[in-house]
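S.K.:
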Amino acid sequence: MPKSGRVIRRMVSGFLTIILLLIFLDLFTFRNYRKSTEATELNMHSYQVIIESNHLLEALLNIETGKRGFLLTGKEPFLEPLEQGVASFEEHHALIMELTDSSPDHQQRLAILFEAYTDWYSRVVEPLIERRREMAQGLMLNELSLFFIEEQEESKALMDDMRELLGVIQHKEHMQLIGRQEKMMAISKRNTYFIIIGMAVISILAFFVAFRIIRNVYIYIRERNQAEKELNTERFHFEQLFQSIPLGVVLLDRNDRVIDLNQGFADLFRITKKEAVGQPINDLIVPDELKDEGTDTTEKVASGQSIYFETIRKRKDDQRIDVAIKGKPLDMQAGQLAVIGVYQDITERKRADEILRRSEQSFRELNADKDKFFSILAHDLRNPFNSIIGFSELLVDRIKHKELDGIDKYAHQILRTSKNTYELLSNLLAWARLQTGRIDLNNETFNLNSILDESLMLFSETAAEKSITLRRKTIPGIQVTADKTVVGTIMRNLISNAVKFTNPGGTVTIGSEMKDSEVVVWVSDTGIGMNQQMVKELFDPGKNTNRNGTGGEPSTGLGLLLAKEFVEKQGGKIWAESTEGSGSVFYFSVSAKSSE
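Under my numbering, residue 597 is the last one in the sequence shown; the count climbs by one each step, no gaps.
#1: Which two residues bound the contiguous beta strand (DSSP E) that contains residue 577?
#2: Between which two residues does the alpha helix (DSSP H) containing residue 404 stretch?
#3: Can you give me the C-alpha to C-alpha distance between residue 325 and residue 256, rounded to a whole angstrom?
#4: Suppose contacts are defined by Cβ-Cβ distances below 7 angstroms. Is residue 508 in contact with residue 551 by that definition?
#5: Here's the rule I'm using: 16 or more other beta-carbon atoms within 10 Å means buried, otherwise exposed. How should residue 71 be labelled?
#6: Assuming residue 590 contacts residue 573 under a Cβ cut-off of 8 angstroms, what Cβ separation, rounded to an integer in Å, is found between them?
#7: Check each candidate in 89, 297 and 524 and name the one with the smallest Cα separation from residue 475.
#8: If you run the structure through DSSP and keep just helix, strand and coil, what is residue 515?
#9: Looking at residue 114: is its Cβ nearer than 7 angstroms to the Cβ of residue 80?
#10: In whole angstroms, what separates the C-alpha of residue 486 from that of residue 522?
#11: Determine the direct distance from the alpha carbon of residue 76 to that of residue 285, and round the result to whole angstroms.
#12: Between which two residues does the beta strand (DSSP E) carrying residue 490 extend?
#13: Along the alpha helix (DSSP H) that carries residue 247, what are the first and last residues, could you check?
#14: When you compare the CB of residue 362 with every CB in chain C, is at least one pair closer than 7 angstroms?
#15: Taking only the alpha-carbon atoms, compute the straight-line gap between residue 105 and residue 303 and give it to the nearest angstrom.
#16: I'd like the list of long-range same chain contacts for residue 283, defined as Cβ closer than 6 angstroms, with 5 residues on each side in sequence excluded.
#17: List the whole-angstrom C-beta distance separating residue 51 from residue 174, where the pair is believed to meet the contact cut-off of C-beta under 8 angstroms.
#18: Could you give the residue range of the alpha helix (DSSP H) that holds residue 328?
#19: So, using beta-carbon positions, are residue 506 and residue 468 closer together than 7 angstroms?
#20: Taking all protein chains shown into account, do 16 or more other C-beta atoms lie within 10 angstroms of the C-beta of residue 534, making it buried, or fewer, making it exposed?
#21: Between residue 664 and residue 404, what straight-line distance do the alpha-carbon atoms span, to the nearest angstrom?
#22: Given residue 583, which residues of its chain have a CB within under 7 angstroms of its CB, disregarding the five upstream and five downstream residues?
#23: Could you tell me which of 41, 454, 360 and 332 sits nearest to residue 183, measuring between CA atoms?
#24: Opposite residue 215 in the DSSP bridges: which residues?
#25: What is the DSSP secondary structure of residue 593, counted as helix, strand or coil?
#26: Note down, in chain order, each residue of its chain lying with its Cβ closer than 8 angstroms to the Cβ of residue 87, except the 5 sequence neighbours on either side.
#27: So, helix, strand or coil for residue 583, using DSSP?
#28: Nearest by alpha-carbon distance to residue 502: which of 514, 458, 464 and 489 is it?
#29: Check each candidate in 281, 48 and 228 and name the one with the smallest Cα separation from residue 178.
#30: Bridge partners for residue 529 per DSSP, in chain order?
#31: Classify residue 260 as helix, strand or coil using the three-state DSSP reduction.
#32: Helix, strand or coil: how does DSSP classify residue 442 here?
#33: Report buried or exposed for residue 346, applying the criterion of at least 16 other Cβ atoms within 10 angstroms of its Cβ.
#34: Just checking my contact of residue 281 with residue 258 at CB under 8 angstroms: how many whole Å lie between their CB atoms?
#35: Please tell me whether, using a cut-off of 6 angstroms, the distance from the CB of residue 168 to the nearest non-hydrogen atom of the ligand COA is below it.
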């Protein structure tokens with residue numbers, strides 16, 4: 002026989018011998034394994050019975066503790082462990098009954114136990130609880146002792162009986178455990194020799210298995226290191242991206258506490274990561290006056306809603322900033338809920354919006370002024386010129402035909418219309434210069450009464466034509482610091498307005514009084530007055546409050562608007578008080594002479 006054939010035959014024989022040895026060892030081991038498994042299962046069964054009996058004892062203790070606590074205090078929360086104990090007792094009694102269905106002795110003891118427990122609970126515990134509820138809350142200590150002693154002995158005796166029954170069950174199970182352990186040790190001794198032989202064979206096989214395991218472990222470690230390297234690279238890229246986002250990003254747990262934040266969030270609220278992590282977000286950045294809003298936001302996101310809104314938040318130094326907030330719930334590992342919040346500083350945008358809003362308001366006011374200006378040019382300035390031209394033509398025609406009777410009336414009408422037109426044109430020019438910023442104030446200190454007297458003199462003739470009395474009630478020698486020309490323009494417009502709307506025979510009075518560092522000048526009349534709506538809209542260029550005077554004099558309202566602009570340009574205030582049918586009073590303030 003060739004040598005190679007013998008080698009192959011020996012290899013096959015040796016291999017078959019090893020196989021038969023392994024089969025025999027496996028059969029013997031399997032037989033012992035079955036015995037050990039059966040013993041282990043019985044031991045596990047005994048352990049379960051012992052554990053369930055301990056659960057029953059624990060449930061009885063909870064029932065007793067909850068009952069005593071409620072009987073002593075009368076507080077309902079003590080009934081919670083009692084109710085839990087009742088549910089636990091019934092649950093574990095059912096389980097231990099299933100576990101001991103093959104043991105009539107245990108079944109009988111457990112039935113006695115459950116019957117005694119049921120009778121005790123329905124006959125003693127429930128009536129005592131109900132009775133305790135009906136009793137007054139403020140029991141004295143001696144009353145509680147008398148109340149408690151009624152059921153203490155019976156409950157103690159019953160609990161001792163129950164413990165004794167469960168103790169018997171546990172003792173029997175412990176004895177069975179000890180017997181099974183002795184049998185398992187005997188089996189273990191018989192298996193020692195076979196295990197030694199098996200270990201020798203297994204050692205040989207283990208060499209080959211170990212080689213395969215080492216090889217596979219090496220491959221696994223190499224692949225795992227590569228995967229970890231790739232994962233670390235991805236984490237690095239994510240962290241770089243997270244930190245470089247030009248917005249404040251924060252990650253919160255389900256209790257609204259900070260888990261992580263990026264540098265944008267730290268810079269926005271001027272807080273470090275160490276200071277923020279673990280702290281409630283509402284305590285860190287929500288102002289006290291917006292705590293309710295912060296709580297409402299937390300509840301919305303916790304309910305699964307995504308949110309976006311603009312509000313105010315605070316920095317570490319309590320500085321308020323305008324922010325836009327976007328929040329979204331996230332599902333984390335093991336089903337944990339988290340929240341990601343993105344914060345954007347919109348302070349500059351808000352400031353730009355405010356500037357835009359003011360510009361829009363200013364544009365509207367300028368547009369209203371423009372409309373007012375063109376209305377006056379198109380109507381109020383053209384009509385006087387038509388009147389002047391018409392009366393001038395009549396005057397020329399009368400002179401041409403030498404009809405001189407009554408021409409003084411036409412000349413007087415031309416003069417009066419020219420004066421009104423001149424006043425209107427002066428106001429228009431002054432208003433236009435004011436709107437274009439071409440009026441520079443030249444403040445000086447002067448005697449206010451001199452300007453008031455000059456203003457009254459200008460309207461003395463006009464007032465006399467309507468039989469209106471002009472009066473002055475001012476402080477003698479009062480000095481103010483303002484632009485003299487501007488104050489004169491203000492006074493002329495207010496006096497003109499008062500004369501225009503005062504009935505013939507009425508009175509126009511100007512006066513002044515000191516208030517702190519200001520002088521308040523007022524012009525009152527006994528004219529037709531205004532209702533409160535007209536008073537409210539009087540200085541609004543977008544409102545039309547024009548009406549003719551008591552003598553048919555035209556009115557544009559431009560004089561009051563001009564007076565308002567001049568007063569405010571000097572840092573003063575202007576206002577009016579009026580009652581319809583009882584006259585009006587116009588006030589404006591001007592700075593008094595400095596004491597320095």
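The beta-carbon is built from N, C-alpha and C at its ideal position, and this holds for glycine as well. Quick caveat, the model's predicted, so the values are computed rather than measured.
M.R.: Let me spell this out:
#1: 575 to 579
#2: Here residue 404 belongs to no alpha helix (DSSP H), and DSSP marks it neither H nor E.
#3: 22 angstroms
#4: no
#5: buried
#6: 4 angstroms
#7: 524
#8: strand
#9: no
#10: 16 angstroms
#11: 39 angstroms
#12: Residue 490 -> not in any beta strand (DSSP E); alpha helix (DSSP H) instead, spanning 485 to 501.
#13: Element bounds for residue 247: n/a, residue is neither H nor E.
#14: Given the protein chain composition of this structure (a single chain), no chain C is represented.
#15: 54 angstroms
#16: 295
#17: 5 angstroms
#18: It is not in any alpha helix (DSSP H) - residue 328 instead sits in the beta strand (DSSP E) that spans 321 to 332.
#19: yes
#20: exposed
#21: Because the chain here runs from 2 to 597, residue 664 falls outside it and cannot be looked at.
#22: 530
#23: 41
#24: Residue 215 pairs with nothing; no bridge assigned.
#25: strand
#26: 60, 64 and 122
#27: coil
#28: 464
#29: 48
#30: Bridge partners of residue 529: none, in fact.
#31: strand
#32: coil
#33: buried
#34: 6 angstroms
#35: As for the ligand COA, it is missing from this structure, which has no ligand bound.
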